[in-house]
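Structure first, commentary second.
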Amino acid sequence: MSLKRIKNNWHPIKGEPLTDFDKKILYYQNKGFLVPKRKLIKTPEQIEGIRKSGVVNTGVLNLIAEKIHVGMSTAEIDKLVYDYTVAHGAIPAPLNYEGFPKSVCTSINEVVCHGIPDEKRILKEGDIVNVDVSTILDGYFSDASRMFMVGEVSQECKKLVEVTKECLEIGLEKVKPWGFLGDIGKAIQKHADKHGYSVVRDLCGHGVGLEFHEEPDVEHFAKKSKGMLLVPGMVFTIEPMINMGKYDVYVDDEDGWTIYTDDGLPSAQWEYTLVVTETGTEVLTH
Ligand code: MF3
Ligand code: CO
Numbered sequence: 002m003s004l005k006r007i008k009n010n011w012h013p014i015k016g017e018p019l020t021d022f023d024k025k026i027l028y029y030q031n032k033g034f035l036v037p038k039r040k041l042i043k044t045p046e047q048i049e050g051i052r053k054s055g056v057v058n059t060g061v062l063n064l065i066a067e068k069i070h071v072g073m074s075t076a077e078i079d080k081l082v083y084d085y086t087v088a089h090g091a092i093p094a095p096l097n098y099e100g101f102p103k104s105v106c107t108s109i110n111e112v113v114c115h116g117i118p119d120e121k122r123i124l125k126e127g128d129i130v131n132v133d134v135s136t137i138l139d140g141y142f143s144d145a146s147r148m149f150m151v152g153e154v155s156q157e158c159k160k161l162v163e164v165t166k167e168c169l170e171i172g173l174e175k176v177k178p179w180g181f182l183g184d185i186g187k188a189i190q191k192h193a194d195k196h197g198y199s200v201v202r203d204l205c206g207h208g209v210g211l212e213f214h215e216e217p218d219v220e221h222f223a224k225k226s227k228g229m230l231l232v233p234g235m236v237f238t239i240e241p242m243i244n245m246g247k248y249d250v251y252v253d254d255e256d257g258w259t260i261y262t263d264d265g266l267p268s269a270q271w272e273y274t275l276v277v278t279e280t281g282t283e284v285l286t287h
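Shown next, in the form of C-alpha cells:
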C-alpha cells in the first residue's frame, strides 16, 4: 500500500492557541486539499502597501494609453514607464530582473510576452501590443498589463483582444474565499475554447506582493486537481495569454526573453493583481 502524501503547508504558530482561521485552513488541509503557506497570507498593512504600488502601476498604464500612437518606438514606451515610475518614488520591477534589460515588456502581435523594448521596433497601424507594467513601491510589488490597438486593427485581432479581456474578467469572477485556484483556469479555458482560441500553458500568473513572483502558480487552463485553496489575504495575478492559433510557444534563442507563438499567429494578454477578501476579491491594479 502506498501512502498518499499530503503537503502540509499550514502549521500552527508554536506556543499560540489555534485561531478559527487556523482551524478552517487545517480542516481543508486534513481533507487532502492543497492550502497556502502562512507567508502567502498578507497582513492588512502589506495589502495597503501593494494597493499603493498598484496606484502607481495603474498610473503608468493610463499614461501609456494616452501617449501610444502609430510611429512610436517601443523604446519610447520604456522611457515613459521609467520616468513616470521614478517620478512617483517607485522602481520598475522588470529593470535588471534576472537580467531583463528594460523597465517594461512590450509584446506585439505574435509575441506572446516578455518582448524587450527596442528603438528599432516602431508601432505600425494594425499592431496589437501588450504593455506589461510591474512596479515596486516601498518594497511592495504590483503587476498589470493591457492590450493596445494601434490605429485601425483587423476584426480578427480586435476580437482576440476583446475575448482575452473577457477571459480575465471571467477568471476574476471565480475568485472567492474558500474556493479553489483551479476554478479560475477552468473558466478561462472554457471561454477561450468557445471562440476557437487556445490558452498558453507554459506561462502562468503568480503570487505577488512581497516579491515579483511568489507561490502559487496561477494556471489559465483547466487541470484535473482543483488547485490551491483560496484564502482571504492571498495576493496574486491572473494574466491569461490567449493565442489565435495553437497554444505552443518558444523563447527567442538570441535574447533569451521574447516568447513567440510557434505558428506565428497573434496572441493577446491582459493582467490584474488582486487580493482575495472575506467576501470576494479586490483588484489592486487595472
Ligand atoms: N510582468 C511579467 C509578469 O506578468 C514578468 C516579466 S519578467 C521581466 O509576470 F523580467 F520580463 F520583466
Ligand atoms: Co505577472
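Residues 2 to 287, numbered by the numbering used here, are exactly what the sequence shown covers, in order. We put the beta carbon where it would ideally sit given N, CA and C, even for glycine.
Jot down the residue ranges of each uninterrupted alpha helix (DSSP H) in the region 181-235, minimum 4 residues, whole runs only, in chain order.
Listed in chain order, the complete alpha helix (DSSP H) runs (minimum 4 residues) inside the region 181-235 are 182-195.
Answer yes or no: the CB of H207 versus the heavy atoms of the ligand MF3, is any distance below 7 Å?
Here residue 207 is taken as the residue at index 206 of the sequence shown, counted from 1. Checking every heavy atom of the ligand MF3 against the Cβ of H207, one is found closer than 7 Å.
Helix, strand or coil: how does DSSP classify F22 here?
Reading the sequence shown from its first residue, position 21 is the one you call residue 22. In the structure shown, F22 adopts helical secondary structure according to DSSP, grouped into three states.
Helix, strand or coil: which one does DSSP assign to R122?
As a first step, residue 122 must be located in the sequence shown, where it is residue number 121. In the structure shown, R122 sits in coil (DSSP, three-state: anything other than H, G, I, E or B).
Would you check whether the ligand MF3 has a heavy atom nearer than 7 Å to the C-beta of W258?
Here residue 258 is taken as the residue at index 257 of the sequence shown, counted from 1. The answer is yes for W258.
May I ask whether a heavy atom of the ligand GTP can be found less than 7 Å away from the beta carbon of E99?
The ligand GTP is absent from the structure shown, which contains only the ligand MF3 and the ligand CO.
Assuming contact is defined by CB atoms lying nearer than 8 Å, are A91 and E120 in contact in what I supplied?
Within the sequence shown, the letter at position 90 stands for residue 91. Within the sequence shown, the letter at position 119 stands for residue 120. Contact flag unset, no.
Euclidean distance between Cα positions of T86 and V232
Taking the sequence shown and counting its residues from 1, one reaches residue 86 at position 85. Taking the sequence shown and counting its residues from 1, one reaches residue 232 at position 231. Going by the C-alpha atoms only, they are around 31 Å apart.
Would you report the Cα separation of I109 and I129, rounded to the nearest angstrom?
As a working note, residue 109 is residue 108 in the sequence shown. As a working note, residue 129 is residue 128 in the sequence shown. Straight-line Cα distance between these residues: approximately 6 Å.
In angstroms with no decimal places, state the Cα-to-Cα distance between E212 and M242.
By 1-based counting over the sequence shown, the position of residue 212 is 211. By 1-based counting over the sequence shown, the position of residue 242 is 241. Between the alpha carbons of E212 and M242 lies a distance of about 22 Å.
Those residues which DSSP pairs with Q270 across a bridge:
As a first step, residue 270 must be located in the sequence shown, where it is residue number 269. Paired residues: M242.
Endpoints, beta strand (DSSP E) assigned at L138:
Taking the sequence shown and counting its residues from 1, one reaches residue 138 at position 137. If you look at L138, you'll find it in the beta strand (DSSP E) that goes 129-138.
Collapsed DSSP secondary structure at P45 in the structure displayed:
Working through the sequence shown from its first residue, we reach residue 45 at position 44. Three-state result, P45: helix.
Can you have a look at V209 and say buried or exposed, based on whether 16 or more other CB atoms are within 10 angstroms of its CB?
Here residue 209 corresponds to residue number 208 of the sequence shown, with the count starting at 1. That one is buried.
Keeping to the same chain, check which residues put their C-beta closer than 6 Å to that of H287; ignore five residues upstream and five downstream.
Against the sequence shown, residue 287 aligns to sequence position 286. These residues qualify, in order along the chain: T59.
I'd like the span of the alpha helix (DSSP H) that includes Y141, first residue to last.
Indexing the sequence shown from 1 puts residue 141 at position 140. Where Y141 is concerned, there is no enclosing alpha helix (DSSP H), although the beta strand (DSSP E) it sits in stretches over 141-150.
Whether or not the region 269-281 and the region 142-149 are in contact is what I'm after, with contact meaning three or more pairs of Cβ atoms, one per stretch, closer than 8 Å; do they touch?
As far as the Cβ criterion goes, the region 142-149 touches the region 269-281, which means the pair count is three or higher.
Here's the rule: buried if 16 or more other CB atoms are within 10 angstroms of the residue's CB, otherwise exposed. What is Q190?
Here residue 190 refers to the residue found at position 189 of the sequence shown. With at least 16 other beta carbons inside 10 angstroms of its own, Q190 counts as buried.
V164 in three-state terms, based on DSSP
Translated into positions along the sequence shown, residue 164 becomes position 163. Helix at V164.
Closer than 8 Å by C-beta to T44: which residues in its own chain qualify, once you throw out the five before and the five after it? Chain order, please.
Indexing the sequence shown from 1 puts residue 44 at position 43. So the qualifying residues of the chain are G234.
Could you tell me the distance, in whole angstroms, from the CA atom of E126 to the CA atom of E157?
Position 125 of the sequence shown, counted from the start, is the residue given in the question as residue 126. Position 156 of the sequence shown, counted from the start, is the residue given in the question as residue 157. Each residue's Cα considered, the two are about 15 Å apart.
In the DSSP assignment, what are the bridge partners of P93?
By 1-based counting over the sequence shown, the position of residue 93 is 92. Under the DSSP definition of a beta bridge, P93 partners with T136.
Could you give the first and the last residue of the continuous alpha helix (DSSP H) run that contains I78?
Numbered from 1 along the sequence shown, position 77 holds the residue referred to as residue 78. If you look at I78, you'll find it in the alpha helix (DSSP H) that goes 75-88.
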